[in-house]
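Below you'll find the structure, written out as structure tokens, and then a few comments.
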Amino acid sequence: MLPSTAAFTAAILLTAQALRVEAAFQADAAADLQLLCSFIALEAAEPHKVALPGELEQEIQEVRTMNMSTADPEWQAIFERKDGQDTWEKAKGDTKSEPYRCHWEDTYDKWVADRAQAQVMKGNKKWIEKNPPPSTESGRQAAHELINSSLTEIQRLKLEYDEQKKAAEAHAATAKTKIMEMLYGQEKASATPVTAKTLKATSSYGEGCGINGGYSVYGDALCICGESASDSAQECDNSNLDITWQTDIKTTQLSIIKGKCPTKPGATYTGESLQTVRTALAARLRHTARGGNTLVTYLGTSSDGTCDGADGKTCVIYDDAFKPGDATTGISSINWVAKLDEAIQELKNAELKAIQATATSQKIENFVHTAKEVYTAKRYNIQTPQKPNPSEQPASTTQKFADADCNNHKTNTTCQSLCTWHESETDKDKKCKLDPKKAAEQQTTQAGKGEEAAGAEKPGVNCSSRTTKETCEAVTGTPSSGKAKACEWIKGKCQDSSILFYKKFVEYGCCFCWCGTI
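So for the sequence shown, my numbering puts the first residue at 40; every next one is plus one.
Next comes the structure, spelled out in structure tokens:
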């Protein structure tokens with residue numbers, strides 16, 4: 040049975056409509072949109088964070104604390120927190136002359152903090168108890184000289200490291216800005232289209248597309264997928280894209296393009312990955328002839344080298360970027376590709392600065408390691424044998440008597456002479472201990488005879504003959520004015536308090552150099 044006329048007519052109309060849809064859809068335009076989508080996806084992505092070394096502050100502070108702990112004891116005493124004088128604001132009144140006022144203003148508070156750091160509890164002990172400095176005066180001075188020079192280099196390198204790290208982060212941030220400018224076509228772009236930036240003009244297809252394209256990625260995508268005489272273009276997608284031409288660009292128009300592009304949450308990009316999509320773009324550019332003798336370079340679709348927005352002629356022509364004999368042209372002269380190239384260079388710069396920062400960090404670590412090795416080296420704890428002083432009387436057997444001699448006595452009965460029995464001592468091998476007072480009294484008695492002949496520091500007192508801190512401070516006698524004891528243990532020696540005096544920090548000629556400049 041033959042179909043009715045009405046049915047036949049309907050079938051013809053449906054077939055014609057289907058043919059129109061197939062003719063309207065342009066594979067080249069759709070493929071070029073997907074290429075541009077690889078650039079559009081960068082809007083939601085971030086520059087890959089360059090690898091930077093971990094923070095160095097804790098390691099550097101450790102060296103600062105070691106530097107302070109090996110400094111001259113009198114220097115350390117200046118920065119002891121006492122009587123609220125723990126900041127430069129409070130202490131500067133005692134210092135009127137240069138270079139202290141200008142130099143210490145930047146360093147005083149740091150030195151106070153370094154001094155305090157040595158007293159910080161680490162578990163059940165103070166830092167200084169867990170990390171004692173060299174025990175001998177010569178060892179301390181030698182260690183301090185090396186630690187201080189290491190700290191000076193660490194400070195110089197830390198300034199370089201901070202600049203390199205800051206530059207790496209800044210270059211990455213600038214790369215993101217350039218990507219946004221590439222997409223939207225404006226300086227310091229935000230995610231907003233702007234007339235005359237995203238497109239040269241928007242009142243008609245011809246004013247913004249064809250030979251007037253290349254302003255931005257989004258602008259070129261609108262030209263490739265939009266039509267001059269239709270608000271439901273099918274060039275890139277047969278679902279009728281609502282791309283209209285009017286006095287300005289709406290965010291909704293760009294949303295139509297974005298809706299046809301895949302996205303990947305959390306994506307990142309590097310200079311290398313941007314270079315890859317740039318290479319794909321260069322390979323995707325097509326060429327055709329116009330009028331039989333003019334080469335046309337374009338993206339989109341064109342049957343005769345023209346782009347007027349008609350069906351099959353929606354494209355962007357980049358002829359200005361490929362003028363024969365012009366050395367300044369090429370793909371880089373397309374406005375938005377130039378922004379892409381700037382982003383690539385910024386990311387390369389970020390990677391270079393990160394490499395430099397890593398190398399600088401390694402140098403700092405080497406100096407930190409050197410300082411720690413010096414601080415704990417056994418050679419700085421070896422007591423240098425001292426030549427006997429002919430002017431001093433030989434030390435008596437009593438003066439050489441020590442705790443170890445008393446420890447040899449294991450019962451109260453045998454613990455006699457200069458020793459005292461301590462029943463409450465838990466260590467059974469140390470119940471018998473040297474009595475400092477007894478030892479001092481006997482030393483004073485024996486030393487008195489020698490002093491009469493050789494000349495004593497003061498009647499009945501010979502400080503220099505004491506070899507331990509305990510026996511030194513136990514010496515009886517009249518102390519000097521302002522002193523609590525007749526003898527004081529200073530710099531590993533027992534000295535007469537009358538020759539000691541307190542030196543205020545303003546009297547140090549160039550002592551600020553002794554503890555470094557940070």
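Backbone N, C-alpha and C fix where the C-beta goes; we use that ideal spot for every residue, glycine too.
Within the model, the alpha-carbon separation for Lys524 versus Cys502 is close to 11 Å.
Counting along the chain, Lys472 sits inside the beta strand (DSSP E) bounded by residues Cys471 to Leu473. Just measuring C-alpha positions, the residue of Cys354, Ser504 and Ser271 sitting nearest Lys532 is Ser504.
The Cβ atoms of Ser271 and Asp281 lie closer than 8 Å to each other. The Cβ-Cβ distance between Ala328 and Gly344 falls below 8 Å. Nearest neighbour of Leu386 by Cα position, chosen from Ala209, Leu320, Gln180 and Asp148, turns out to be Ala209.
In the same chain as Ser342, and ignoring 5 residues on each side of it, the C-beta atoms closer than 6 Å to its own belong to Gly351, in chain order. Cα atoms of Gln97 and Val89: separation of roughly 22 Å, rounded to the nearest angstrom.
The C-alpha of Ser242 lies about 55 Å from the C-alpha of Leu198.
With a contact defined as Cβ atoms closer than 8 Å, Lys472 and Thr453 miss out at about 13 Å. Three or more pairs of CB atoms, one per stretch, sit closer than 8 Å, so the segment 392-408 contacts the segment 185-201.
With contacts defined by Cβ atoms closer than 8 Å, Leu95 and Ile218 do not form a contacting pair. Under the three-state reduction of DSSP, His183 is assigned to helix. Distances from the CA of Lys470 to each of Asp365, Thr340 and Lys449 were compared; the closest alpha carbon is that of Lys449. By the CB criterion at 8 Å, Tyr357 and Gly253 fall inside the cutoff.
The continuous alpha helix (DSSP H) containing Arg323 extends over residues Gly310 to Arg323. For Glu113, the enclosing alpha helix (DSSP H) begins and ends at Pro112 to Ile117.
Within 10 angstroms of the beta-carbon of Arg154 lie 16 or more other beta-carbons, which makes it buried. Following the DSSP letters along the chain, one finds Leu379 inside the alpha helix (DSSP H) bounded by residues Asn374 to Thr415. Taking every protein chain shown into account, the CB of Gln455 has fewer than 16 other CB atoms within 10 angstroms, so this residue is exposed. For Ala360 and Ala228, the gap between their C-alpha atoms comes out near 23 Å.
DSSP places His326 within a strand segment (E or B) once states are collapsed to three.
Put simply, of Thr302, Ala479 and Glu464 the residue whose alpha carbon is nearest the alpha carbon of Gln73 is Thr302. According to the DSSP secondary-structure assignment, Trp528 is paired through a beta bridge with Cys533. The Cβ-Cβ distance between Ile288 and Leu238 falls below 8 Å.
Counting along the chain, the unbroken beta strand (DSSP E) around Val335 starts and ends at Thr333 to Gly339.
In the DSSP annotation of this structure, Thr302 is not part of any beta strand (DSSP E), being labelled neither H nor E. Cβ contact annotation for Gln115 (same chain, cutoff 7 Å, sequence separation greater than five): Met107 and Arg154, in chain order. Looking at the backbone, the Cα of Leu324 and that of Asp71 are separated by about 9 Å. Counting only the Cα atoms, Ala110 lies some 11 Å from Phe118. Between the segment 401-416 and the segment 174-189, the count of C-beta pairs closer than 8 Å reaches three or more; the two stretches touch.
In this structure, the straight-line span from the alpha carbon of Leu261 to that of Leu293 is close to 8 Å. DSSP, reduced to helix, strand and coil, places Ile356 within a strand of the structure shown.
For Cys458, the enclosing beta strand (DSSP E) stretches over residues Cys458 to Trp460. Assigned with DSSP and collapsed to three states, Ala157 falls in coil, not helix or strand.
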